[in-house]
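In what follows, a structure is listed as structure tokens, so that the remarks can point back to it.
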Amino acid sequence: MKKQFRFAWSAGVTFGIVTIFLFLIGFTSTSGDLLADLFGNKNAASFLGLTPQMVNMLIFLALVGLWAGSYGSRKMKGQTEDPWAPALVGGLIAGLVHGILVGLLALLVGILNLHHLPINMYLAALLPPVITMFLLGGSPIQGAIFYLVFFTLTGFLGGLLSRGVGRGSWRGRASGNWKNTWDGFNQKPLIKQVRGNPASRYVVYGVLLVLLFLVPLVAGQYWNYTIGTIFIYVLLGLGLNIVVGLAGLLDLGYVAFFAIGAYTMALLTAPAPQHIMWSFWIALPIGVVLAALTGLLLGAPVLRLRGDYLAIVTLGFGEIIRLLSTSDAMTSFSGGPKGVPSIGGPIIFGHPFNSGADYVWLIFLAAILIIFVTNRLQNSRVGRAWEAMREDETVSRAMGINTLTQKLMAFAIGAAFAGLGGALFASRNQFTGPEDFTFMVSVNVVAVVIVGGMGSIPGVIAGALVLKGLPEVLRELQDYRVLVFGALLVVMMLWRPAGIIPSSRRKMEVEVEKDTGVTEPPKEGGEK
Amino acid sequence: MIIALETKSLTKQFGGLTAVDSVDLTIQENSIFSVIGPNGAGKTTFYNCITGFYTPEVGDVLFYGKSLVGLTPDQVTYQGISRTYQNIRLFANMSAIENILVGEHSRIKGSWVEAILHTPRVVKEEKQAVVRARELLNFVGLVGLGDQLARNLPYGAQRRLEIARALGSQPRLLLLDEPTAGMNPHETTEMMHFIRRLRDELRITILLIEHDMRVVMGISERIAVLDYGAKIAEGTPAEIQGNPRVIEAYLGSGAASGLNDAATQPA
Chain A
1 MKKQFRFAWS
11 AGVTFGIVTI
21 FLFLIGFTST
31 SGDLLADLFG
41 NKNAASFLGL
51 TPQMVNMLIF
61 LALVGLWAGS
71 YGSRKMKGQT
81 EDPWAPALVG
91 GLIAGLVHGI
101 LVGLLALLVG
111 ILNLHHLPIN
121 MYLAALLPPV
131 ITMFLLGGSP
141 IQGAIFYLVF
151 FTLTGFLGGL
161 LSRGVGRGSW
171 RGRASGNWKN
181 TWDGFNQKPL
191 IKQVRGNPAS
201 RYVVYGVLLV
211 LLFLVPLVAG
221 QYWNYTIGTI
231 FIYVLLGLGL
241 NIVVGLAGLL
251 DLGYVAFFAI
261 GAYTMALLTA
271 PAPQHIMWSF
281 WIALPIGVVL
291 AALTGLLLGA
301 PVLRLRGDYL
311 AIVTLGFGEI
321 IRLLSTSDAM
331 TSFSGGPKGV
341 PSIGGPIIFG
351 HPFNSGADYV
361 WLIFLAAILI
371 IFVTNRLQNS
381 RVGRAWEAMR
391 EDETVSRAMG
401 INTLTQKLMA
411 FAIGAAFAGL
421 GGALFASRNQ
431 FTGPEDFTFM
441 VSVNVVAVVI
451 VGGMGSIPGV
461 IAGALVLKGL
471 PEVLRELQDY
481 RVLVFGALLV
491 VMMLWRPAGI
501 IPSSRRKMEV
511 EVEKDTGVTE
521 PPKEGGEK
Chain B
1 MIIALETKSL
11 TKQFGGLTAV
21 DSVDLTIQEN
31 SIFSVIGPNG
41 AGKTTFYNCI
51 TGFYTPEVGD
61 VLFYGKSLVG
71 LTPDQVTYQG
81 ISRTYQNIRL
91 FANMSAIENI
101 LVGEHSRIKG
111 SWVEAILHTP
121 RVVKEEKQAV
131 VRARELLNFV
141 GLVGLGDQLA
151 RNLPYGAQRR
161 LEIARALGSQ
171 PRLLLLDEPT
181 AGMNPHETTE
191 MMHFIRRLRD
201 ELRITILLIE
211 HDMRVVMGIS
221 ERIAVLDYGA
231 KIAEGTPAEI
241 QGNPRVIEAY
251 LGSGAASGLN
261 DAATQPA
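Going down the list, the protein sequences come from chains A and B. For the first sequence, position 192 matches number 192 in the numbering used here, and the numbering has no gaps at all. For the second sequence, position 95 matches number 95 in the numbering used here, and the numbering has no gaps at all.
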């Protein structure tokens, strides 16, 4: 019971802070519009003298309140029965705390607003009409009391809904039933056969791929551009994943290889400043190879360094490449600060790429190729050697691994992926310049790998989707999106410190058992 | 008799400190040879000189007549020498079977291009490597734990996995660095049997650093004693036990003169 109180209390405080935060950045007022967009009820019923925006806002806040209540009354770990009294009390307490916090906020901003203090000078979202709307047109005291009652009620309801009344609880029944249903489903002979057949996995992949390739057709110009950028970051992330995630070499100058790929594509296909104007298909492999060679050249002297020292040196290298591209000496060669315009695009069977969808497809193909290559490498002798180096470099040498050549290989292959990404990026944008290759690009790619999950291919893809996609989705929030984004990152690293989709080990012992037809060995000595 | 490993006046200095001081050792093939000595006597440095992590200033290391001086650690492993560590150093975030596969690195050949293309040779080679890793897992008694992460294994299993990993490179000489450290008497006895099995069943020569005298005296055919980097004694367990210089090195000069008193008192 005491534990349940603590649960409820912390849930109330957490949700109170989240609601206040959402209000301060103006999300509560825009949330009304967001919901209206989602359900198309811009002209929601205006009853009890409330405007449609107020109704929509209250719907949003009610959802938050219900969530707080159900979270506050959640079942404790290892608790088998689910008595209803503590659950309801939990919801009530969470709601009460939530309500007190939000009520205090309403009181505070209401009074400040009454005295005509220009709050919006400090918090741009808090314009007087927004505050009036938040208080539902009433006085600060009325608003405070309203939110206190509102969140207490929704919290109680949340507790009630999540547990259910009557003899059994929803949660007890639901969790048991789900598992039984799922197990029963898997036991059906037909399902067993399909799941056991490796071909069925390829069918699922195939369907997913077809769906993926249909996306650019329905997405507009803007979203195609964004999806293209996301998947270029998938390429970069997978490349850096080999260097950082597998081989354990922290490279903070990864943008350099991206820049080399992009500039190679630019200078070889654009009319100025070089007037070479080769085809895209010739420039693409040259860009990849040049990036890989640069990786080898840089790697040879610096890979004897370990950890932080390597990070500093590579960081410097990234900056050198960017500064070179802006320097006067290079202006006649590579366009200098102005960059390189009108970069050529690919032509397939006389069909020039002009729509956004064409490029998205091309980038998809590149990403699939890179995923395939990474997967093959990761599960090979070379990939194991990389991971061993990451775990313990000294021991990996004693195990017969030539760490210098393996590091060089990781560096060069990672650089090649970045070169591919850079070449596609330059061609898609038809323009490239020094401002495309700032230190922030390196930081973003490192973040993609770490947030997604080091050494995990699906993790890197998820990381790119979240880190490059989420800011676009949050665009509604304007300047505050960076703030929200930061908060989300902190929450994510607290919840999933190993990344969104952490890397998993391949099951090899049992797999071989199946191949040789021997039954699974008995588990022994599994003490922990 | 075939000589597996021979060191000739092997010397390693760090600045003014002589960590290994002209040590001459001759290890017969298929024997169990122990190196003992007080803490800081230079035993681990001696290992590092053999395995290529340190280059000795003076002297030579001959492995079946071939000099190892100047070779890098991975080349030494390729020659057929493998080792374990005093404090367990597994690849903690890899599964047990992957640890052994890393050990097999020097015995498989597939390059990165072949790995991407999945050439028939590399597919076959990988399959054989996994089968062999499972055999080793079986040999060290870890069947069923192959897919566990190395760091989740119990302590004794980690010790055995480290040996299995070292066996992955198909060594002719295995250097064990305090394999029974941190073990209870029962586990220590098991480890002693296991080390004998390594020699008897796999025909591997064993070089052992150990502090537990029960193990050293129980399984070694010959013992060398290092003190301040120099070899002060060599012989059979019985010879070493009665050697006054050894007792002096371990217990101090006062104890050596009172040897007879100490011998009569219960331990």
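We treat Cβ as the ideally placed atom computed from N, Cα and C, and that holds for glycine.
Residue closest to residue i, alpha-carbon to alpha-carbon, out of the options
i	options	result
residue 114 of chain A	A:102, A:159, A:128	A:128
residue 11 of chain A	A:52, A:262, A:66, A:53	A:66
residue 444 of chain A	A:466, A:192, A:51, A:429	A:466
residue 280 of chain A	A:218, A:346, A:2, A:501	A:346
residue 403 of chain A	A:390, A:413, A:456	A:390
residue 238 of chain A	A:458, A:482, A:213, A:184	A:458
residue 54 of chain A	A:110, A:69, A:135, A:100	A:135
residue 87 of chain A	A:143, A:156, A:148, A:29	A:156
residue 229 of chain A	A:499, A:193, A:464, A:273	A:464
residue 195 of chain B	B:171, B:220, B:211	B:220
residue 168 of chain B	B:192, B:35, B:48, B:77	B:77
residue 24 of chain A	A:356, A:122, A:293, A:259	A:122
residue 85 of chain B	B:240, B:246, B:160	B:160
residue 506 of chain A	B:236, B:227, B:146	B:146
residue 331 of chain A	A:314, A:433, A:351, A:288	A:433
residue 18 of chain A	A:491, A:264, A:502	A:491
residue 42 of chain B	B:52, B:230, B:32, B:92	B:230
residue 158 of chain B	B:80, B:49, B:67, B:93	B:93
residue 134 of chain B	B:6, B:203, B:95, B:10	B:95
residue 56 of chain B	B:131, B:13, B:120	B:13
residue 227 of chain B	B:107, B:210, B:249	B:249
Collapsed DSSP secondary structure at residue i in the structure displayed
i	result
residue 86 of chain A	helix
residue 34 of chain B	strand
residue 268 of chain B	Any question about residue 268 of chain B goes unanswered here, given that chain B covers just 1 to 267.
residue 29 of chain B	coil
residue 156 of chain B	helix
residue 143 of chain B	coil
residue 57 of chain B	coil
residue 3 of chain B	strand
residue 9 of chain B	strand
residue 325 of chain A	helix
residue 18 of chain A	helix
residue 111 of chain B	coil
For residue i: DSSP bridge partner residues
i	result
residue 174 of chain B	B:82, B:206
residue 50 of chain B	BP columns for residue 50 of chain B are empty, so no partner.
residue 337 of chain A	Paired residue(s): none; residue 337 of chain A is not in a bridge.
residue 272 of chain B	The requested residue 272 of chain B is not part of the displayed model; chain B covers only 1 to 267.
residue 230 of chain B	B:21, B:227
residue 351 of chain A	A:348
residue 432 of chain A	A:340
residue 468 of chain A	Beta-bridge pairing links residue 468 of chain A to no other residue.
residue 67 of chain B	B:62
residue 149 of chain B	B:95
Where residue i falls, given that 16 or more other Cβ within 10 Å makes a residue buried
i	result
residue 406 of chain A	buried
residue 419 of chain A	buried
residue 493 of chain A	exposed
residue 39 of chain B	exposed
residue 342 of chain A	exposed
residue 198 of chain A	exposed
residue 349 of chain A	exposed
residue 378 of chain A	buried
residue 98 of chain B	buried
residue 468 of chain A	buried
Within-9 Å CB hit, residue i to chain D
i	result
residue 183 of chain B	Although the question refers to chain D, the structure presented lacks it and instead comprises the protein chains A and B.
Please list, in chain order, the residues of the stretch 396–419 of chain A that have any C-beta partner in chain B closer than 8 Å. 396, 397, 398, 399, 400, 401, 402, 403, 409, 413
For the stretch 367–386 of chain A, which residues have a beta carbon sitting closer than 7 Å to at least one beta carbon of chain B? 373, 376, 377, 380, 381, 382, 384, 385
Going along the stretch 86–106 of chain B in order, which residues come within less than 9 Å of chain A, judged by CB to CB distance? Those residues of the stretch 86–106 of chain B placed with their C-beta closer than 9 Å to a C-beta in chain A are 89, 90, 91, 92, 93, 94, 95, 96, 97, 98, 99, 101, 102, 103, 104, 105, 106, ordered along the chain.
Scan the stretch 485–507 of chain A for residues whose Cβ lies nearer than 9 Å to a Cβ of chain B and list them as they occur along the chain. 503, 505, 506, 507
Where the stretch 112–125 of chain B meets chain A: residues whose CB sits under 7 Å from a CB there: 112, 115, 116, 118
The stretch 59–76 of chain B: positions lying closer than 8 Å to chain A by Cβ: Cβ contacts with chain A: 72, 73, 74.
Please identify, using Cβ separations under 7 Å, the residues of the stretch 241–269 of chain A that lie next to chain B, in order along the chain. none
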